[in-house]
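Presented below is the structure to which this report refers.
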Amino acid sequence: MDLSGKNLVFVAGFGGIGFESCKQLMTRNLANLFLLDVMENPSALQLLQNLNKNTKVTYLKCDVTDKQSIKNAIDYVVKSVQYIDVLVNGAGVVADRNVEFAVNVNLIGLINTTLEALPYMDKSQKGRGGVLLNIASVVGLEPCGAISIYSACKFGVVGFTRSLADPYYYERTGVAVTAVCPGMTESPMTKNPKISDTFEYSKPLTDKLYSAPSQPASKAGEHLVQVLEMGQNGTLWISDRCELTKVEHKLYWEP
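The opening residue of the sequence shown carries number 18 in our numbering; numbering runs sequentially from there.
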């Protein structure tokens, strides 16, 4: 997908991977970049705007655990620019011992944001097609005992992504659905493992996980933009150790 002139909504654009992705996106001559995040970050917002004066950057307060907050943000976007061409769902938190919060941010919030925005992307409704990208994780492809709740949520994101990418939907909506699955990446999420694992006795698993080779968030951001530009419906991509690899799906069952 050629991103030039497009309206892009990035949920959690001030996060580690999110912010690095947005810096890359500001070189693509977007028409509008909307950053939906629970906390404002004026300095980060100004940094992005300074990268390209031709792209209008707008911050909107949005709490993905609150459906009304999501609706208010999407309503503002649509009233401002009419169409959403690209949606990136990037909100995430590793907080396994707060199960409801973890599931609400990592999975339910992503689903609710998608369902709210999709009609304004769907060419058979109020949109003109586009790309929907979810940030999943390698622990949504392979189980991870250290952060079992987070892993379960990311498995859900992978399942939701692949389900929405059904060719029937794609032919109707013109919205390509894809996902990036980062491996260990340097970001605020990976800096405090002591409070994020599933059990107090998870430490050996947690130590192993957090000692895995890590890539800079800038590389994951670069990969995310590549995947957006490819816009291949139904694909999942692993961004790990500075390499981007396509996931090969295996068919286990079909109706």
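From the three backbone atoms N, C-alpha and C, an ideal C-beta is built for every residue, glycine too. Being a predicted model, the structure only gives us computed values, none of them experimental.
Nearest to Leu-65 by CA position, among Ala-90, Lys-96, Phe-31, Asp-83, is which residue? Comparing Cα positions, the closest option is Phe-31.
The alpha helix (DSSP H) that contains Thr-202, what's its start and end? Here Thr-202 belongs to no alpha helix (DSSP H), and DSSP marks it neither H nor E.
Assuming contact is defined by CB atoms lying nearer than 8 Å, are Ala-163 and Thr-215 in contact in what I supplied? At the C-beta level, Ala-163 and Thr-215 come within 8 Å of one another.
Which of the three DSSP states is assigned to Glu-271 in this structure? Under the three-state reduction of DSSP, Glu-271 is assigned to coil, being neither helix nor strand.
Expressed to the nearest angstrom, what Euclidean distance is found between the alpha-carbon atoms of Thr-252 and Thr-195? Taking the CA atoms as reference points, Thr-252 sits about 5 Å from Thr-195.
Nearest neighbour of Arg-189, chosen from Leu-124, Pro-233, Asn-250 [CA to CA]: Looking at the Cα atoms, Asn-250 is the closest of the given residues.
Asn-123 - DSSP class collapsed to helix/strand/coil: Reduced to three states, the DSSP call for Asn-123 is helix.
If we call anything under 8 Å between Cβ atoms a contact, is Ile-101 one with Gly-147? Taking 8 Å as the Cβ cut-off, Ile-101 and Gly-147 qualify as a contacting pair.
Would you mind sorting Trp-254 into buried or exposed? The rule is 16 or more other CB atoms within 10 Å of its CB. With at least 16 other beta carbons inside 10 angstroms of its own, Trp-254 counts as buried.
For Glu-57 and Lys-88, believed in contact at Cβ under 8 Å, the rounded distance: At roughly 19 Å, the Cβ-Cβ gap does not stay under 8 Å, so Lys-88 and Glu-57 are not in contact.
So, are the CB atoms of Leu-42 and Val-264 less than 8 Å apart? Cβ distance not < 8 Å, so Leu-42 and Val-264 don't count as in contact.
Indicate the three-state DSSP secondary structure (helix, strand or coil) for Leu-47 in the structure shown. The three-state secondary structure of Leu-47, taken from DSSP, is coil.
Counting only runs of 3+ residues fully inside the region 50-115, write out the beta strand (DSSP E) ranges in chain order. Unbroken beta strand (DSSP E) stretches of 3 residues or longer found wholly inside the region 50-115: 73-78, 103-106, given in chain order.
Name the two residues that bound the continuous beta strand (DSSP E) containing Gly-35. For Gly-35, no beta strand (DSSP E) segment is defined; the enclosing uninterrupted segment is the alpha helix (DSSP H) at 33-42.
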